[in-house]
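The next block holds one structure in the form of structure tokens; read it before the comments.
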Ligand SMILES: Cc1cc2nc3c(=O)[nH]c(=O)nc-3n(C[C@H](O)[C@H](O)[C@H](O)COP(=O)(O)OP(=O)(O)OC[C@H]3O[C@@H](n4cnc5c(N)ncnc54)[C@H](O)[C@@H]3O)c2cc1C
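Numbering (this note's numbering), first residue to last: 20 to 434.
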């Protein structure tokens, strides 16, 4: 059990939540010579970070910085923080930990070994060498007067700190630790919290029984958009891949539309995603390829025109049967297929959550305006971004900012 009777400037700076944001904050503070204690409810650190590395840890993205910041819903807020912690900084930082990285063909940055575990191991070793103390199985439950309260081995304990960084994550994959139980604790302090919503998550489509056997089939090299007017401006449509699932659609392309879909679904009971199933061919040329022929089955004509099994099934699902022999109708639909979306998968399945501690509740250094000396960082803040390395980059960047904020605040508070 940590010492809980410190006084004055010997008190530690306490970081709560050993995910990527909290670990980054702890590193900056410890490097500057501060006494840092890290409290984590789970028996080990960064479980979601490890999960993120399971299928390849996409840690950042090397697109031009001005484009990079526009991926976030609040670019003006995050820009100064991201400027201090951009993709180049992250690659150098990884190299300093002995982890080589590479830029994939899509611009996404991964560790060469793809997994998160070697990086996490090296990172934790560095933090321990810097003197950061780790206290696992410590569940933060709020404050008693000015002291932090934790539940540890069924006992309530208090910890005094000279400053606190909360890095307790969003509200998805609760079994990995981010259970969002911090929300009522902060609301009780008068902190404004934007309700959490699933982001980067599968969408619900009211498929007929006909689509069920298609679950798991990929829709490759398609374009998608939410706003119907974009049909006239395909440059703004997003290219990528989706996967048909028993409940709707999954995959990176759908995740990138999460924000727009959420906005629509917040106002209407349903929305539409529009798909261009064959972006490399124009509608006129496609209609020509789809002309009926006495010698060929409809299936064959569609397949030769580029409509594989999954794309053909989607067309059959949406287009009335009476139109299947009409090449103009089929081509028009293949180039702009409206898929009805009626909701999202549950928040716990989401890769990330939008919402959280509102920007208005924080000063420019991420300190709660209602709670002096308490800073917040990572996914618990109210920002949103697609997957593709943007989530982790913002967690690192806000972790760094909170650490610098603590040091700035301590400097100012010194008598
Ligand atoms: C399947 C999956 C794949 C992903 N892939 C990617 C990817 O490729 N690229 C990318 O950029 N992002 C990815 N992400 C998202 C990324 O992992 C998260 O955005 C990131 O981990 C959030 O970091 P954080 O430090 O803010 O919070 P978290 O990583 O959630 O860490 C919060 C920590 O706080 C602890 N905690 C919470 N409450 C308390 C409490 N009361 N007391 C004590 N401790 C507490 C938790 O146990 C946890 O360890 C993925 C996420 C998932 C689920």
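For each residue, glycine too, the CB sits at the ideal point set by N, CA and C.
Give every residue of the same chain whose Cβ lies closer than 7 Å to the Cβ of residue 169, excluding the five residues on either side of it in the sequence, and list them in chain order.
Within the chain shown, numbered from 1, the residue matching residue 169 stands at position 150. Closer than 7 Å at the Cβ level, and outside the excluded window around residue 169, lie 58, 157, 158, 159, 160, 176, 178.
The alpha helix (DSSP H) enclosing residue 74, as first and last residue numbers
Counting from 1 along the chain shown, the entry for residue 74 is found at position 55. Unbroken run through residue 74: none, as it is neither H nor E.
Is the separation between the beta-carbon of residue 267 and that of residue 235 shorter than 8 Å?
Start at 1 with the first residue of the chain shown, and residue 267 comes out as number 248. Start at 1 with the first residue of the chain shown, and residue 235 comes out as number 216. For residue 267 and residue 235, no; Cβs fall outside 8 Å.
Report buried or exposed for residue 295, applying the criterion of at least 16 other Cβ atoms within 10 angstroms of its Cβ.
As a first step, residue 295 is located in the chain shown; it is residue number 276 there, counting from the start. When all chains shown are included, residue 295 counts as buried.
Residue 97 CB to nearest heavy atom of ligand 1 below 7 Å
For the purposes of this step, residue 97 is taken as the residue at position 78 of the chain shown. No - ligand 1 has no heavy atom lying nearer than 7 Å to the Cβ of residue 97.
With 16 as the cutoff for other CB atoms within 10 Å, does residue 430 come out buried or exposed?
To locate residue 430, count along the chain shown from 1; it is residue 411. Answer is exposed; the Cβ neighbour count stays below 16.
Relative to the C-alpha of residue 75, which residue among 131, 106, 114 is closest?
Along the chain shown, read from residue 1 onward, the residue named residue 75 stands at position 56. Nearest to residue 75 by C-alpha distance, out of 131, 106, 114, is 131.
Inside the segment 256-325 only - alpha helix (DSSP H) runs reaching at least 4 residues
The qualifying runs are 271-275, 277-286, 302-308, 317-323.
Cα-Cα, which of 377, 195, 84, 223 is closest to residue 105?
Within the chain shown, the letter at position 86 stands for residue 105. Nearest C-alpha to residue 105: 84.
For residue 332, which residues of its own chain have a beta-carbon under 6 Å away from its beta-carbon, when the five flanking residues on both sides are left out?
Here residue 332 refers to the residue found at position 313 of the chain shown. For residue 332, same chain residues with a beta-carbon under 6 Å away, outside a window of 5 residues either side, are 233 in chain order.
Less than 8 Å between the beta carbons of residue 167 and residue 33, yes or no?
If you number the chain shown from 1, residue 167 lands on position 148. If you number the chain shown from 1, residue 33 lands on position 14. Cβ atoms of residue 167 and residue 33: closer than 8 Å.
Nearest to residue 241 (by Cα), restricted to the options 230, 306, 272
Here residue 241 corresponds to residue number 222 of the chain shown, with the count starting at 1. Nearest of 230, 306, 272 to residue 241, Cα basis: 272.
By a C-beta neighbour count over all protein chains shown, 10 Å radius and 16 as the cutoff for buried, is residue 353 buried or exposed?
Translated into positions along the chain shown, residue 353 becomes position 334. Buried is the call here.
Quick one: what's residue 34 bridged to in DSSP?
One-based indexing of the chain shown puts residue 34 at position 15. DSSP, once it has assigned bridges, lists 57, 184 as partnering residue 34.
Indicate whether residue 392 and residue 418 have their beta-carbon atoms separated by less than 8 Å.
One-based indexing of the chain shown puts residue 392 at position 373. One-based indexing of the chain shown puts residue 418 at position 399. No.
Taking 8 Å as the cut-off, does the segment 283-290 touch the segment 350-366 (at least 3 CB pairs, one atom from each stretch)?
Counting Cβ pairs under 8 Å, three or more are found: they touch.
Neighbourhood of residue 180 by C-beta distance below 7 Å, restricted to the same chain and skipping five residues each side:
Numbered from its first residue, the chain shown carries residue 180 at position 161. Correct list, in chain order: 30, 31, 32, 33, 167.
Decide if residue 91 is buried, meaning its Cβ has at least 16 other Cβ atoms within 10 Å, or exposed.
To locate residue 91, count along the chain shown from 1; it is residue 72. Classification for residue 91: buried.
In the DSSP output, what is residue 227 paired with across the bridge?
Counting from 1 along the chain shown, the entry for residue 227 is found at position 208. Looking at the DSSP assignment, residue 227 forms no beta bridge with any residue, so it has no partner.
On a CA-only basis, which of 211, 128, 61 is nearest residue 388? Give me that one, please.
Counting from one through the chain shown, the residue named residue 388 turns up at place 369. Closest option to residue 388, Cα to Cα, is 211.
Pick out whichever of 66, 138, 95, 86 has its Cα sitting closest to the Cα of residue 109.
The residue you call residue 109 lines up with position 90 of the chain shown. Looking at the Cα atoms, 138 is the closest of the given residues.
By the three-class DSSP mapping on this structure, what secondary structure does residue 192 have?
Along the chain shown, read from residue 1 onward, the residue named residue 192 stands at position 173. Coil at residue 192, not helix or strand.
Under the DSSP definition of a beta bridge, which residues are partnered with residue 346?
Start at 1 with the first residue of the chain shown, and residue 346 comes out as number 327. Under DSSP, residue 346 shares a beta bridge with no residue.
Three Cβ pairs or more, each shorter than 8 Å: is that satisfied between the segment 341-350 and the segment 185-193?
With a cut-off of 8 Å on Cβ pairs, the segment 341-350 is not in contact with the segment 185-193, counting fewer than three such pairs.
CB-CB under 8 Å to residue 49, same chain, minus the five flanking residues each way: which ones, in chain order?
Residue 49 sits at position 30 when you count from the first residue of the chain shown. If you ignore the 5 residues before and after residue 49, its C-beta comes within less than 8 Å of the C-beta of 55, 146, 149, 150, 151, all in its own chain and listed in chain order.
Can you grab the Cα-Cα spacing for the pair residue 395 / residue 367, in whole Å?
Stepping through the chain shown from its first residue, residue 395 is reached at position 376. Stepping through the chain shown from its first residue, residue 367 is reached at position 348. Their Cα atoms are separated by approximately 22 Å.
Alpha carbon to alpha carbon, how far is residue 326 from residue 201? Give it in angstroms, no decimals.
Reading the chain shown from its first residue, position 182 is the one you call residue 201. Reading the chain shown from its first residue, position 307 is the one you call residue 326. Residue 201 and residue 326: Cα-Cα distance of roughly 48 Å.
Does the beta-carbon of residue 140 have 16 or more other beta-carbons within 10 angstroms, so that it is buried, or is it exposed?
Sequence index remark: in the chain shown, residue 140 carries index 121 (1-based). Flag for residue 140 reads exposed.
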